[in-house]
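Chains as they are written, first to last, in full-length UniProt numbering: chain A, 1 to 257; chain B, 1 to 641. Glycine is no exception: its CB is placed at the ideal position from the N, C-alpha and C atoms. Down below is the structure, laid out as structure tokens.
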């Protein structure tokens, strides 16, 4: 059985896709592209797909990950191209790597988020970020299935910076650039429990610095992966799969030893 | 004139609403065309939530048929939920299509498909959000022509004030004919304005334009007559019937949504029409004659459809799917073909007989056998003769014995309450039947954990059926009868706990009855309900009986009321609001069939016995088209392996 890890995106209007919606769309794309999936045992066999740490509905992402198990061997790049062609524009498969290590989910330790705040001046945003970072803790509330819960958002934030927009990220955003201010925040958040989402951090900005966002912010995950506490950088979670020897090669090595 | 997308404005609202994905479009196999390149532009609506509307086969078929033409552009729109409606009103965002998010008002034609009358208030919401005047009389050349279709369009009188036209019957060819009329009128520089366009449509004989007909009433409130008010308009408007389904293999590229919808499968209509002759069934009466798709045509559609969608289930649709002359070969052939790919097959709408259990066994070869559904509809043998649903109790018991014996654990039985001539005794027979089903099931399976679920709905008399003259049972009587049945089931110590009982109260049925057999005077009630906040009347959590009864106050001064429309029996001589709309059924034949019903006389199916002169085939120049073709589904040749 071959396992392949895929990186995919949720872009533009398809950022409103929920994770369940994506799962259905992805599994149908597998069928359309005739991918030889491995199935689970049991009465109602399911294709073996593992999803890791999906971005919330309404937030865009450049860096989502999943893993599929195949019954027959396939070239990862050919598979990627076929699946990408089969999915709607916006749900794009951007990388495919044969899994040669375990623990992809554990390597997703932190995310880099971009938060675009239309209608907010860059200087105001920078001031708010400074206030936020100056606090020991920033308690916010979120409505969950079990009622409203309160938790700290400050500790999970590894770094937080504000900048002015240099170039619009997408053409959709470019169309809208009508000279109105738009602050851009860059946020690195450690994955922990309870999970701190970008909108929680925005609630934190509202609570500590009274930062109002007249228009819904546009949030995009730029990357997620292993986090280096010293440098504060987020690395490629598929890097170790790329560099590790392939299963076939490993089998040969151990066989000849 | 190029039309701008409303998406940028809509997008800002989406983070604040439930399930925003339903409003963004981008479905697989959807089509976005250049606005300026099209001569005629259609906005197609299913007036319910996206999750219900998207899988609708009618809209999907017309969307594809229209978009296949180079000179036509067709987009879809659905009802928005109240949370988005409120935001759209506040931020001035109009009703939009999900394909290119163009405002509905900018289109030439706004076609709305009504499977049920309970979508009428949603039509008004959509018109208002679109900025189109609610009343057809107030519209100008800048407004689209609003056309109603679907089964409810066989009596469009209650919405006659709000639609410009109604089309009866199959839409595939009708939409193309309408397109040609609109295209020619536009090319000529729109001579005579909107009035001339509507006249040209009416003149075809296949498009009903209510404004060209006057309704006269008698002093007692009944209709005296319905007459054309200008020359050149036909006295009666005829339904459309598509012959040879193999020539119309739609949808070829079914839409695959990102959002979750009520039917997540690839549907193939295996035949259209039904001549079983169940007297309560409007669908069976207005879609005659039976026209089968061939076994090879079906195989072809399934193969292409699955490739185009990636669905993992195939639904073989029709009004009574097991009646296809080659259903056994179809089921076996498809089950063989798709065994490896783990594609599920489903066959909704089947009759009560053992053959259907064999079929169900074939379709679930590899899967779990959870539940089988049968619809005896009437509780007593006598009542089943009245409604012409020819199932004996023996048949039913034999059928369920086969089912439980083959490993099925649950049998669902569908019934109606409030059928003509029905008494409490008829309905209580349902409890007896269910007990016998459980007793037999325990006997043949040797298990005690088998179940039977009784599901029962209120009967609503429908236009163009032999029961169109029948009195509807009042909601109080319906509720009382169902309560007796519930008690009879629950009080049984031996079997009661193995029988599930699902029912709805009688109130929504009264509103449906009012709208089904209503006339033009009901328009003001619909409008009053809409203005009072009525939306999504097909949804329990949104429907309000009290709101409808309050609005019915608008009938004051007409001499008629809700009871007059619902629980009143009609006589032979009464002019019915839909008499000028021709479903092909001969009114005298229907009256005789109504009398036969009262006499408990059954009528056979004309597929296997001589013609009963219902009138459809000769008046519509159509004929029964059935197999068998003798062909088989061969295994698919495996490519790309």
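Cβ of residue i within 8 Å of Cβ of residue j?
| i | j | result |
| --- | --- | --- |
| residue 149/A | residue 139/A | no |
| residue 153/B | residue 167/B | yes |
| residue 587/B | residue 516/B | no |
| residue 440/B | residue 397/B | yes |
| residue 117/A | residue 183/A | yes |
| residue 399/B | residue 605/B | no |
| residue 592/B | residue 386/B | no |
| residue 503/B | residue 456/B | yes |
| residue 30/A | residue 80/A | no |
| residue 151/A | residue 129/A | no |
| residue 163/B | residue 202/B | no |
| residue 642/B | residue 230/B | Shown here, chain B extends from 1 to 641; a query on residue 642/B therefore has no answer. |
| residue 65/A | residue 108/A | yes |
| residue 343/B | residue 313/B | yes |
| residue 169/B | residue 113/B | no |
| residue 614/B | residue 288/B | yes |
Relative to the C-alpha of residue i, which candidate in the options has its C-alpha closest?
| i | options | result |
| --- | --- | --- |
| residue 450/B | 109/B, 405/B, 480/B and 330/B | 405/B |
| residue 45/A | 257/B, 340/B, 189/B and 126/B | 340/B |
| residue 574/B | 130/B, 216/B, 33/B and 18/B | 216/B |
| residue 364/B | 453/B, 615/B, 334/B and 249/B | 334/B |
| residue 173/B | 157/B, 146/B, 609/B and 245/B | 245/B |
| residue 106/B | 141/B, 192/B, 606/B and 525/B | 141/B |
| residue 4/A | 22/A, 60/A and 77/A | 77/A |
| residue 292/B | 265/B, 320/B, 308/B and 306/B | 320/B |
| residue 177/B | 127/B, 491/B and 240/B | 240/B |
| residue 57/B | 20/B, 524/B and 270/B | 270/B |
| residue 422/B | 443/B, 458/B, 201/B and 409/B | 458/B |
| residue 36/A | 146/A, 70/A and 224/A | 70/A |
| residue 41/B | 375/B, 453/B and 108/B | 108/B |
| residue 131/A | 215/A, 202/A, 1/A and 230/A | 202/A |
| residue 630/B | 208/B, 523/B and 328/B | 328/B |
| residue 74/B | 419/B, 401/B, 110/B and 298/B | 110/B |
| residue 14/A | 220/A, 49/A and 53/A | 220/A |
| residue 466/B | 527/B, 480/B, 428/B and 420/B | 420/B |
| residue 260/B | 549/B, 52/B and 231/B | 52/B |
| residue 582/B | 617/B, 360/B, 559/B and 485/B | 617/B |
| residue 295/B | 628/B, 550/B and 635/B | 628/B |
| residue 125/B | 86/B, 198/B and 493/B | 86/B |
| residue 131/B | 118/B, 93/B, 523/B and 595/B | 93/B |
Given that residue i touches chain A, what residues does it touch there, using C-beta distances under 8 Å?
| i | result |
| --- | --- |
| residue 26/B | 13, 14, 88, 89 and 90 |
Please list the partners that residue i has in chain A, where partner means a Cβ-to-Cβ separation under 9 Å.
| i | result |
| --- | --- |
| residue 260/B | 18, 20, 21 and 24 |
Along chain E, which residues have their Cβ under 7 Å away from the Cβ of residue i?
| i | result |
| --- | --- |
| residue 21/B | In the structure shown, chain E does not exist; the protein chains are A and B. |
Which bits of chain B does residue i rub up against, with CB to CB less than 8 Å?
| i | result |
| --- | --- |
| residue 55/A | By Cβ distance, chain B contributes nothing, its closest Cβ being about 14 Å from residue 55/A, past 8 Å. |
| residue 32/A | 307, 308, 309 and 310 |
If the cut is a Cβ gap below 7 Å, which residues of chain B does residue i touch?
| i | result |
| --- | --- |
| residue 45/A | 342 |
List the residues of chain B that residue i touches, going by C-beta distances under 9 Å, in chain order.
| i | result |
| --- | --- |
| residue 29/A | 28 and 310 |
For residue i, go through chain A and note every residue whose CB falls closer than 7 Å to its CB, in chain order.
| i | result |
| --- | --- |
| residue 256/B | 28 |
Selection of the stretch 285-313 of chain B by Cβ proximity to chain A, strictly under 8 Å:
306, 307, 308, 309, 310, 311 and 312
Which residues of the stretch 229-247 of chain A have a Cβ closer than 8 Å to any Cβ of chain B? Give them in chain order.
Under the 8 Å Cβ criterion, the stretch 229-247 of chain A contributes no residue.
Whole beta strand (DSSP E) elements within the stretch 158-243 of chain A, 3-residue minimum
182-190 and 218-225
Give the list of continuous beta strand (DSSP E) stretches no shorter than 3 residues that lie fully inside the stretch 18-75 of chain A.
Qualifying beta strand (DSSP E) stretches, in chain order: 49-52 and 60-70.
Taking any Cβ of chain B, which residues in the stretch 213-227 of chain A have a Cβ under 8 Å from it, in chain order?
Contact annotation: in the stretch 213-227 of chain A, residues whose CB is within less than 8 Å of a CB in chain B are 215 and 216.
Note down, in chain order, all residues in the stretch 51-77 of chain A with a beta-carbon under 7 Å from any beta-carbon belonging to chain B.
Going along the stretch 51-77 of chain A in chain order, one finds 58 with a Cβ nearer than 7 Å to chain B.
Please list the residues of the stretch 5-19 of chain B that have a C-beta atom closer than 8 Å to any C-beta atom in chain A, keeping them in chain order.
Answer in chain order: 7, 8, 11, 12, 14, 15, 16 and 19.
Threshold first: 4 residues or longer. Then list the alpha helix (DSSP H) segments lying entirely within the stretch 313-395 of chain B, N to C.
For secondary structure counted as the alpha helix (DSSP H) over 4 or more consecutive residues, the stretch 313-395 of chain B holds these complete runs in sequence order: 327-338, 354-363 and 381-386.
Which complete beta strand (DSSP E) runs does the stretch 9-85 of chain B hold, if anything under 3 residues is left out?
40-49 and 72-79
In chain order, which continuous runs of the beta strand (DSSP E) of length 3 or greater are located wholly inside the stretch 545-595 of chain B?
For the stretch 545-595 of chain B, not a single whole beta strand (DSSP E) run of length 3 or above is found.
4-residue-minimum alpha helix (DSSP H) runs that sit fully inside the stretch 104-154 of chain A, ordered along the chain
If only complete runs of 4 or more residues are kept, the stretch 104-154 of chain A shows the alpha helix (DSSP H) at 104-107 and 122-134, in order along the chain.
Entirely within the stretch 181-252 of chain B and at least 4 residues each: give me those alpha helix (DSSP H) ranges in chain order.
193-203
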